[in-house]
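All remarks here apply to the structure that follows.
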Amino acid sequence: MNPVATRRDRDFLLMFTVMLTIAAGNTALQSVLPALGRSLGVKDSAVALAFFVSALLWVIAAPLWANRSGRHGHRAMILLGLGGYVLSLLLCGTFLAAGINGLVGGATAFALFVVGRMLYGGLGSAAPPAVQALVAGHTTREERTRALTLLASAFGLGTILGPAIAPYLLLGHVGGYEIGLAGPAFLFALFGALVWATVRALLPDDRPVPGEAAGASSAYPSIGSAPTGASVRAATESHVERVGYADPRIRIWMVVGLVAGHAQAMVSQAIGFLVIDRLHVAPAAALEPTGLVLMMGAGAALLVQWGLIPLLNLSPRRLVLVGSALAAAGCALTGLAPSLYGIALAYALASLGFGFTRPGFTAGASLAVGSAAQGSVAGKVTSINGASFVLGPSIGIALYEAWRPLPYLVAGGALALLVIGLLLRRR
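All letters in the sequence shown, in the order written, are residues 414 to 840 by our numbering.
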């Protein structure tokens, strides 16, 4: 057996685990945040602030770390990102546990929690570009796209596993203190620390090599998000031609991405509150039904991306039209559904639609330009995907506070208008 190949396979498995861990821990915490907020007696808008701060810092910091990934040792950057992730979860768990046990007020606990979330957005985003760069540097040009695509799938898998596992990670009393809903934060931090120690022990130290392939920023890992391949193209394709967001060739695709992305973020991030209020259950008791709804949505999205899209072979325009129509209906029905199974089925329909729109928007933008601009356009697509999860949750939760079905009806209406607008366009 070739020892070089064996070491390369081991390193790739380790990098796959890093990407999976960073995404799973974040989305697990997101899935329990509505229940935590209600348990601590804070306003739903305060929970939206936690989403906003973390996603905003990720969107700002990710491109900066991506630019640095080729100038610093990849191992150091991966350890920095994982370290920020672990420290963020530990602080978040500690502050939440302090609030649960009455050591500080609920509002104070959540304000400190937001500070902990800032570390995830600011430092956690350092790891994905360095992971990409490391894998790209250890693969041939022919192998690179496949390897980076597999890494992106780890990110997507993490956004599914996190919410699925979180309801089963609640802890009882430890040392006389109740941990409860803060359990997922502590347990994912523990797993992250083990991954950090493994990377430090097994991954050899490295120094940047001039001209070596660099990584690209990844979209913020959030509930409802899924990999589109844009980050992979940004890391592997040409950046010779720079393309702006308002370039006539891609402008309509940027609008599609913003509308569909914000609609998806609004619907996904408010689902935990909807389950609590619609089923009239205690916050802790809502975790399992919320996990069921999110898993059905994730399964529907995977069915589209892995099965239906290759089978149907639709053009990007048709992908967006079909997906937006399905998502519009699913969003509206989610807001009006009277039972758990009604919510789950309607959310699965919405996720089915979003499973069409995201790849359609990505492919449409890519096909609109030549080979010299592929890397630049892919970077724009990634930033649009990430930006949708900055304001989208805050908008959705603000509308939810006004009237519970409102974010779902607004999202459905925006997608319906998008369909009408695209149908009226000749090209």
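All residues carry an ideal CB built from backbone N, CA and C; glycine is no exception.
Check: Backbone CA spacing between V733 and N726 [nearest angstrom]; Outcome: 13 Å
Check: Environment of Y813 [buried if 16+ CB atoms lie within 10 Å]; Outcome: buried
Check: CB of T419 within 8 Å of CB of V608, strictly; Outcome: no
Check: Extent of the continuous alpha helix (DSSP H) run through L716; Outcome: 700-716
Check: In DSSP terms, what H586 is bridged to; Outcome: E591
Check: Own chain, CB closer than 6 Å to L828, minus 5 neighbours either side, in chain order; Outcome: A676, S737, A740, A741
Check: Closest Cα partner of L442 within the set A475, L426, G506, L822; Outcome: G506
Check: 7 Å Cβ shell around R613 - same chain, five flanking residues per side excluded; Outcome: L492
Check: CB-CB length for S635 against T440, believed under 8 Å; Outcome: 7 Å
Check: Cβ neighbour criterion (16 or more within 10 Å) applied to S807; Outcome: buried
Check: In chain order, each beta strand (DSSP E) run of at least 3 residues that lies wholly inside the region 644-669; Outcome: none
Check: First through last residue of the alpha helix (DSSP H) which encompasses L687; Outcome: 684-692
Check: Any 3 or more C-beta pairs closer than 8 Å across the region 543-555 and the region 526-533; Outcome: no
Check: Exposure label - A655; buried when at least 16 CB within 10 Å; Outcome: What sits at residue 655 in the sequence shown is Arg, not Ala. It is exposed - the Cβ of R655 has fewer than 16 other Cβ atoms within 10 Å.
Check: Straight-line gap, W666 to A673 (C-alpha atoms, nearest Å); Outcome: 10 Å
Check: Selected residue, minimal CA-CA separation from M708, among V669, P661, L762; Outcome: L762
Check: Close beta carbons around T552, own chain, < 7 Å, minus the five adjacent residues each side; Outcome: A560
Check: Entirely enclosed alpha helix (DSSP H) segments - the region 437-491, minimum 4 residues; Outcome: 457-481
Check: Option nearest V445 by Cα separation, candidates L835, G788, I684; Outcome: I684
Check: Rounded distance between the beta-carbons of R557 and T641, thought under 8 Å; Outcome: No, T641 and R557 are not in contact; Cβ-Cβ is about 18 Å, not under 8 Å.
Check: Distance between G825 and L749 (C-alpha atoms, nearest Å); Outcome: 12 Å
Check: For S467 and L426, the rounded distance between their alpha carbons; Outcome: 27 Å
Check: Nearest-angstrom Cβ-Cβ length linking G401 and D618, presumed shorter than 8 Å; Outcome: Any property of residue 401 remains undetermined from this structure, which presents the chain solely from 414 to 840.
Check: At least 3 beta-carbon pairs within less than 8 Å: the region 464-481 vs the region 789-799; Outcome: yes
Check: Outcome for A815 when other beta-carbon atoms lying within 10 angstroms are tallied against a minimum of 16; Outcome: exposed
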